[in-house]
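S.K.:
2 protein chains.
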Amino acid sequence: MKNLFPLVIFLIILTDCNQAKVDFKAEEAAIMKTDSMWAALAREGADVNKIVSYWSDDAVVIAPGQPVVKGKAALLKMVTDSKNIPGFNISWRSANVNFSPDGKLAYLSSENLITMTDSAGKKISMPGRGYTIWRKEADGDWKCAVDIWNSPALSQ
Amino acid sequence: MKNLFPLVIFLIILTDCNQAKVDFKAEEAAIMKTDSMWAALAREGADVNKIVSYWSDDAVVIAPGQPVVKGKAALLKMVTDSKNIPGFNISWRSANVNFSPDGKLAYLSSENLITMTDSAGKKISMPGRGYTIWRKEADGDWKCAVDIWNSPALSQ
Chain A
6 MKNLFPLVIF LIILTDCNQA KVDFKAEEAA IMKTDSMWAA LAREGADVNK
56 IVSYWSDDAV VIAPGQPVVK GKAALLKMVT DSKNIPGFNI SWRSANVNFS
106 PDGKLAYLSS ENLITMTDSA GKKISMPGRG YTIWRKEADG DWKCAVDIWN
156 SPALSQ
Chain B
6 MKNLFPLVIF LIILTDCNQA KVDFKAEEAA IMKTDSMWAA LAREGADVNK
56 IVSYWSDDAV VIAPGQPVVK GKAALLKMVT DSKNIPGFNI SWRSANVNFS
106 PDGKLAYLSS ENLITMTDSA GKKISMPGRG YTIWRKEADG DWKCAVDIWN
156 SPALSQ
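These protein sequence lines map, in sequence, to chains A and B.
Each residue of the first sequence is one higher than the last, beginning at 6 in the numbering used here.
Each residue of the second sequence is one higher than the last, beginning at 6 in the numbering used here.
(1) Start and end of the alpha helix (DSSP H) containing D86 of chain A?
(2) Is it a yes or a no for the stretch 106–118 of chain A touching the stretch 55–74 of chain A, going by three-plus beta-carbon pairs under 8 Å?
(3) Please identify the residue among B:Q71, B:V57 and B:K88 whose C-alpha is closest to the C-alpha of A78 of chain B.
(4) Can you confirm whether K109 of chain B, when its beta carbon is compared against all beta carbons of chain A, has any partner nearer than 7 Å?
(5) State yes or no: is the beta carbon of I168 of chain A nearer than 7 Å to at least one beta carbon in chain B?
(6) Are the C-beta atoms of C149 of chain A and some chain B residue less than 7 Å apart?
(7) In angstroms with no decimal places, state the Cα-to-Cα distance between N155 of chain A and M42 of chain A.
(8) Count the other CB atoms, across all protein chains shown, that sit within 10 Å of the CB of G92 of chain A; report buried if there are 16 or more and exposed otherwise.
(9) According to DSSP, is K55 of chain A part of a helix, a strand, or is it coil?
(10) Which first and last residues belong to the alpha helix (DSSP H) in which S41 of chain A is found?
(11) Report buried or exposed for T85 of chain B, applying the criterion of at least 16 other Cβ atoms within 10 angstroms of its Cβ.
(12) Counting only Cβ pairs nearer than 7 Å, list the residues of chain B close to P106 of chain A.
(13) Candidates B:D62, B:V73, B:V27 and B:L81: which alpha carbon is nearest G179 of chain A's?
(14) When every heavy atom of the ligand GTP is checked, does at least one fall within less than 6 Å of the C-beta of V74 of chain A?
(15) List the residues of chain A whose Cβ lies closer than 9 Å to the Cβ of G70 of chain B, in chain order.
(16) Could you tell me whether the stretch 126–142 of chain B touches the stretch 96–109 of chain B, where touching means 3 or more Cβ pairs closer than 8 Å?
(17) List the DSSP bridge partners of E142 of chain A.
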């Protein structure tokens with residue numbers, strides 16, 4: 006029995022260490038797939054609860070010129086309200102996934118386009134560029150925790 | 006000799022695992038101290054090279070309505086150019102440090118204020134709120150890798 010003790014400790018530590026091994030290519034594919042599914046749902050704008058489910062519970066969205074929106078309830082209101090904006094549409098594309106060494110936190114650059122129609126029925130397009138920060142939750146799902154963008158240079 | 010082998014493996018793994026232990030309070034204090042030293046230097050606006058040294062080599066700065074600035078050379082030009090803007094001053098304060106579980110990547114919320122004087126000598130103030138993303142480099146220093154902000158709501 007005495008001889009088994011180091012072996013048990015060894016196996017416990019080995020198990021703990023193995024958890025630190027990360028398949029970054031698989032994680033990148035998982036985030037990009039999640040993000041593109043999210044973008045498709047947002048573009049459709051139909052299933053508000055499903056759209057909101059991609060954010061973490063404590064997520065923060067900072068749109069230019071708008072109040073900071075924090076938490077699921079506020080995000081649900083934001084998405085619901087956006088459906089009442091005439092001609093509202095949002096689309097985005099993300100790139101450049103950067104991970105923490107443990108593969109549990111990531112940030113992505115993104116380019117987005119919000120369109121709506123003004124009171125005269127004219128289409129307004131507002132391009133943006135920004136970053137999203139993603140966290141791998143305990144269940145293995147990636148959730149967006151921070152979503153911030155601003156307007157590009159006029160000359161760009 | 007044969008009996009030493011498991012012990013050696015055990016010690017190697019133990020050493021490796023110990024590296025994963027993080028003192029988050031100490032890391033938070035380190036980032037906040039680094040950030041406030043940086044903010045003080047930026048407010049002074051004197052030592053351009055020192056100011057730029059707080060960004061990682063691949064850092065990206067996205068100021069509202071400005072082209073994306075990426076990399077040390079472009080950041081050095083940005084900071085140098087800002088010194089030629091009449092009455093230019095920048096100040097900021099960061100909060101809410103969020104870490105990856107391994108303590109190697111972090112993001113902070115920030116509030117900033119940029120002031121300058123217009124051609125009539127009138128002071129213009131542009132408040133902003135945003136996020137910075139920090140990376141712990143191999144030498145243990147925290148460097149800012151992403152710096153993005155936008156304008157608050159007019160009613161805020």
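Using N, Cα and C, we set each Cβ at its ideal position, and we do this for glycine too.
M.R.: Let's see:
(1) K77 to S87
(2) no
(3) B:V57
(4) yes
(5) The structure shown has nothing for residue 168 of chain A, since chain A only spans 6 to 161.
(6) no
(7) 23 Å
(8) exposed
(9) helix
(10) F29 to E49
(11) exposed
(12) D107 and K109
(13) It is not possible to answer for residue 179 of chain A, since the shown part of chain A is limited to 6 through 161.
(14) Ligands displayed in this structure: none; no statement on the ligand GTP is therefore possible.
(15) N155, S156, P157, A158 and L159
(16) yes
(17) None, per the DSSP bridge assignment.
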